[in-house]
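To keep things clear, I will list the structure first and then write my remarks on it.
2 protein chains.
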Amino acid sequence: MDTIYGKEALVVFSGGQDSTTCLYWALSHFSKVHTVTFGYGQKHSKEIECAKKIAEKAGVSFRYMDMSFIASLGRNSLTDTSIKMDEAVPDGSFPNTFVPGRNLFFLSAAAVYAREIGVSHLVTGVSQTDFSGYPDCRDQFIKSLNVTLNLAMESQFVIHTPLMWIDKAQTWELADSLGVLELVRTETLTCYNGIQGDGCGHCPACRLRMEGLQKYLSKRQSRCSR
Amino acid sequence: MDTIYGKEALVVFSGGQDSTTCLYWALSHFSKVHTVTFGYGQKHSKEIECAKKIAEKAGVSFRYMDMSFIASLGRNSLTDTSIKMDEAVPDGSFPNTFVPGRNLFFLSAAAVYAREIGVSHLVTGVSQTDFSGYPDCRDQFIKSLNVTLNLAMESQFVIHTPLMWIDKAQTWELADSLGVLELVRTETLTCYNGIQGDGCGHCPACRLRMEGLQKYLSKRQSRCSR
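Protein chains in written order, with my numbering: chain A, 1168 to 1393; chain B, 1168 to 1393.
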């Protein structure tokens, strides 16, 4: 693909499957790419190490920002080890892995940082398709936030969401088309239990990831055998 | 005034003239009032002490939150002592007291906290009239943020801005009508140089505050002598 935007972009980067795919998407669309990784009191700081390694390999700048104040705002199972991670979502509620306002803070901090380094294009791996009940992954939230950020700083940010309308299988397909399927498969960390690559296999994130991979690989297989 | 809303509210509270006036406005409009004060690497932590004392006197809950990560996002003269505070605003730019995204982060954190304590009404002292060139004090930003917060957390927040369309003289008038003119005059801290009450008298904040007070007092005087 050509660099259709031809400008610099900042990728909100966690070292997981989605944001790593977005990083390589950005590399194929922008002339220069930066990454920013947020710490927010995760139990698995290994995520941050993974992110740094992937950024180094991709040859892009890596900036880490401590946003651990987020953990003090609300109770959730990702940042509070006293809460058991729960797959069952109470009726009319969010999964207890929901960190209220997380993407709001991440994208806002990314925008302030982007403005400092003279970048107006932001890339994030949120997806409405697999949004797991998180309202801050929906397209309407992202678009509203884009307007709010522009008004807050009198700027012209453009938030790109390459995964918004695709599912996990299609995200694997995108990674494959970018030539990084194996890299994403082996070097990223998505697992809630902190195991790199294929992960623990049990947690919701691992199951979603593995189901998507199997679906894509069997589609590719049937395509090749035609 | 009656408590026209009859519900609980959270006031974004700095211990300055504006937010203290808002605190008493909230006390006259809501059945219960909470406050939240943010630290963001201010040179003057005395602000926080002032805020706490005023909240105690008003009999409302006081919550302090450390948001010092904001200081690391951008350079400005309020949080970085290596930059001289500058009154002159470069053409087409912001005053260098501008902390990019400050109100964005404060109101977002306030909303997450409000949701935790079951409160949906937020009160902030931003004013478009005396906005000093800060885009994140304008009405259009606040309204856009209100929608963004609702979408981020699937909630129904209502942001109240009692000072949005009034100037400093009218803010003093509001404080007077709420019976707290002397309290606001003597116990709040607005001065950039950290001096409580009437302040240093030289910095832009002191001059704006004093001009407003004199304007209101002479208006009141002429009203009384009629």
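Virtual Cβ for every residue (Gly too), placed ideally from N, Cα, C.
Let's test the definition: count the other Cβ atoms within 10 Å of the Cβ of residue i and tell me whether it reaches 16, buried, or not, exposed.
{"i": "W1192 of chain B", "result": "buried"}
{"i": "Q1381 of chain A", "result": "exposed"}
{"i": "G1285 of chain B", "result": "exposed"}
{"i": "Q1224 of chain B", "result": "Here residue 1224 of chain B turns out to be Lys, not Gln, going by the sequence shown. K1224 of chain B should be labelled exposed."}
{"i": "R1393 of chain A", "result": "exposed"}
{"i": "S1311 of chain A", "result": "buried"}
{"i": "D1253 of chain A", "result": "For D1253 of chain A, the pLDDT reaches just 45, beneath the cut-off of 50, and the residue's location in the model is therefore unreliable, leaving the point undetermined."}
{"i": "C1367 of chain A", "result": "exposed"}
{"i": "I1250 of chain A", "result": "Confidence is the limiting factor: at I1250 of chain A the pLDDT is only 42, short of 50, which leaves the residue's position unreliable and the question unanswerable from this model."}
{"i": "C1217 of chain B", "result": "buried"}
{"i": "C1391 of chain A", "result": "exposed"}
Take residue i as the anchor and find which of the options has the nearest alpha-carbon.
{"i": "T1204 of chain B", "options": "B:S1181, B:G1364, B:T1188 and B:F1197", "result": "B:S1181"}
{"i": "L1341 of chain A", "options": "A:F1308, A:C1358, A:S1195 and A:V1178", "result": "A:S1195"}
{"i": "R1352 of chain B", "options": "B:T1328, B:S1198 and B:Q1184", "result": "B:Q1184"}
{"i": "V1325 of chain A", "options": "A:T1357, A:T1188, A:Y1359 and A:S1287", "result": "A:S1287"}
{"i": "S1228 of chain A", "options": "A:D1343, A:E1175, A:L1316 and A:L1375", "result": "A:E1175"}
{"i": "E1349 of chain A", "options": "A:S1212, A:L1384 and A:D1233", "result": "A:L1384"}
{"i": "R1269 of chain B", "options": "B:L1316, B:G1206 and B:T1328", "result": "B:G1206"}
{"i": "L1330 of chain A", "options": "A:T1291, A:G1379, A:L1316 and A:E1216", "result": "A:T1291"}
{"i": "D1334 of chain B", "options": "B:S1198, B:R1376, B:E1214 and B:N1360", "result": "B:R1376"}
{"i": "T1328 of chain A", "options": "A:K1199, A:L1274, A:D1233 and A:D1343", "result": "A:L1274"}
{"i": "P1267 of chain A", "options": "B:S1389, B:S1198 and B:L1316", "result": "B:L1316"}
{"i": "E1214 of chain A", "options": "A:Q1388, A:I1362 and A:K1386", "result": "A:I1362"}
{"i": "S1212 of chain A", "options": "A:Q1323, A:D1365, A:L1356 and A:Q1388", "result": "A:L1356"}
{"i": "Y1359 of chain A", "options": "A:D1365, A:A1372 and A:V1347", "result": "A:A1372"}
{"i": "D1343 of chain B", "options": "B:F1197, B:K1386 and B:S1198", "result": "B:K1386"}
Report yes if the CB atom of residue i is closer than 8 Å to the CB atom of residue j, and no otherwise.
{"i": "E1283 of chain A", "j": "P1302 of chain B", "result": "no"}
{"i": "V1178 of chain A", "j": "L1240 of chain B", "result": "no"}
{"i": "A1281 of chain A", "j": "L1289 of chain A", "result": "yes"}
{"i": "C1304 of chain B", "j": "V1314 of chain B", "result": "no"}
{"i": "T1296 of chain A", "j": "W1339 of chain A", "result": "no"}
{"i": "Q1307 of chain A", "j": "L1271 of chain B", "result": "no"}
{"i": "E1354 of chain B", "j": "I1221 of chain B", "result": "yes"}
{"i": "T1202 of chain A", "j": "R1230 of chain A", "result": "yes"}
{"i": "G1208 of chain B", "j": "S1186 of chain B", "result": "no"}
{"i": "A1336 of chain A", "j": "G1300 of chain A", "result": "no"}
Taking C-beta pairs closer than 8 Å, name the residues in chain A that residue i reaches, listed in chain order.
{"i": "D1185 of chain B", "result": "Chain A residues near D1185 of chain B: none, gap ~19 Å exceeds 8 Å."}
{"i": "E1349 of chain B", "result": "Going along chain A, no residue has its Cβ under 8 Å from E1349 of chain B, so there is no contact; the nearest lies around 35 Å."}
{"i": "L1240 of chain B", "result": "M1232, A1276, V1279, Y1280 and E1283"}
Which residues in chain B sit within 7 Å of residue i, going by Cβ to Cβ distance?
{"i": "V1314 of chain A", "result": "S1311"}
{"i": "L1177 of chain A", "result": "Chain B residues near L1177 of chain A: none, gap ~13 Å exceeds 7 Å."}
How would you list, in chain order, the residues of chain A whose beta-carbon sits under 7 Å from the beta-carbon of residue i?
{"i": "Q1307 of chain B", "result": "L1318"}
Of all the CB atoms in chain D, is at least one closer than 8 Å to the CB of residue i?
{"i": "K1382 of chain B", "result": "Structure shown: chain D not included; protein chains present are A and B."}
Practice item. Identify each residue in the segment 1286-1304 of chain B for which the Cβ-Cβ distance to at least one residue of chain A is less than 8 Å, and report them in chain order. Key: P1302 and D1303
**Study point:** Residues within the segment 1266-1284 of chain B neighbouring chain A, beta-carbon criterion of under 8 Å
**Key:** P1267, G1268, N1270, L1271, F1272, S1275, A1276, A1278, V1279, Y1280, R1282 and E1283
**Study point:** Selection of the segment 1205-1236 of chain B by Cβ proximity to chain A, strictly under 9 Å
**Key:** M1232, D1233, M1234, S1235 and F1236
**Study point:** Residues from the segment 1354-1366 of chain A in contact with chain B, defined by Cβ distance under 8 Å
**Key:** none
Check your understanding: If you measure beta-carbon to beta-carbon, which residues of the segment 1320-1350 of chain A are closer than 7 Å to chain B?
Key -> M1320 and E1321
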